[in-house]
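In the UniProt record's numbering, the protein residues as written are 1 to 196.
Worksheet: one structure, shown below.
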């Protein structure tokens, strides 16, 4: 069976930290493919800076040179909020007979019990967890203590870059070179994103 991972997020914008997490997960979990899923309308972030189409385009540009990465517009077709369980069910229909993994940061992992239909979601995936820069050890959580949770902590160098930092620098007319891939930087500049 194919080993497929979902990497969901707002990617507003995508940056080198996201790419390092995805590449590390692909390598360490020996994945066949990483499916990047920009959230169209996430419940935890009601106000997004840029449109779904623009965020999807930035992801496509960022991952263009990694054949194991694909960008999906599946969340665009969901009515209302974008929920992880609905994304997973739709992708399972598109890619039957696959082992499913989910890539996320440890902050999102700790909040997993509060996600919609969390119990069902937790049991259907192996969770690939990226530690935050500020975390020195793997924090205990109610998810981690559940014996039904298949999880793997990624061993990776830390990159202290965030999407909010990139947006702030653009708004302040400061350079974002080396914080995002060059193709993303050029797209942000040409489209005048994050300047409002």
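C-beta: ideal position from N, C-alpha, C; glycine also.
Environment of residue i [buried if 16+ CB atoms lie within 10 Å]
i, result
"residue 171", "exposed"
"residue 58", "buried"
"residue 40", "buried"
"residue 197", "A query on residue 197 cannot be resolved here, the shown segment of the chain reaching from 1 to 196 and no further."
"residue 51", "exposed"
"residue 189", "exposed"
"residue 178", "exposed"
"residue 140", "Since pLDDT at residue 140 reaches only 49, below the 50 mark, its modelled position is unreliable, and the value read off the structure follows with that caveat. The residue is exposed, with fewer than 16 neighbouring Cβ atoms inside 10 Å."
"residue 17", "buried"
"residue 193", "buried"
"residue 195", "exposed"
"residue 114", "exposed"
"residue 176", "buried"
"residue 145", "Confidence at residue 145 is low in this model, with a pLDDT of 47, below 50, so its placement is unreliable and no value can be given for it."
"residue 137", "Note that residue 137 scores 49 on pLDDT, short of 50, meaning its location in the model is unreliable and no value can be drawn from it."
Identity of the residue in the options nearest residue i by Cα
i, options, result
"residue 70", "79, 12, 7", "7"
"residue 24", "165, 164, 187, 129", "129"
"residue 11", "62, 32, 28, 26", "62"
"residue 75", "67, 117, 66, 85", "85"
"residue 103", "183, 184, 182, 27", "27"
"residue 122", "132, 185, 110", "110"
"residue 127", "117, 116, 112", "112"
"residue 180", "2, 20, 118", "20"
"residue 56", "94, 9, 83", "9"
"residue 72", "36, 186, 149, 2", "36"
"residue 148", "155, 119, 168, 159", "119"
"residue 150", "29, 22, 2, 1", "29"
The ligand ZN heavy atom lying under 7 angstroms from the CB of residue i
i, result
"residue 113", "Of ligands this structure carries none, so the ligand ZN is not represented either."
CB contact flag (residue i, residue j, <8 angstroms)
i, j, result
"residue 13", "residue 166", "yes"
"residue 98", "residue 4", "yes"
"residue 153", "residue 125", "no"
"residue 173", "residue 54", "no"
"residue 64", "residue 183", "yes"
"residue 68", "residue 33", "yes"
"residue 15", "residue 163", "yes"
What are the start and end residues of each continuous beta strand (DSSP E) run of 3 or more residues lying completely inside the stretch 48-106, in chain order? 69-71, 98-105
Segments assigned beta strand (DSSP E), at least 3 residues, entirely inside the stretch 113-194: 126-130, 150-153
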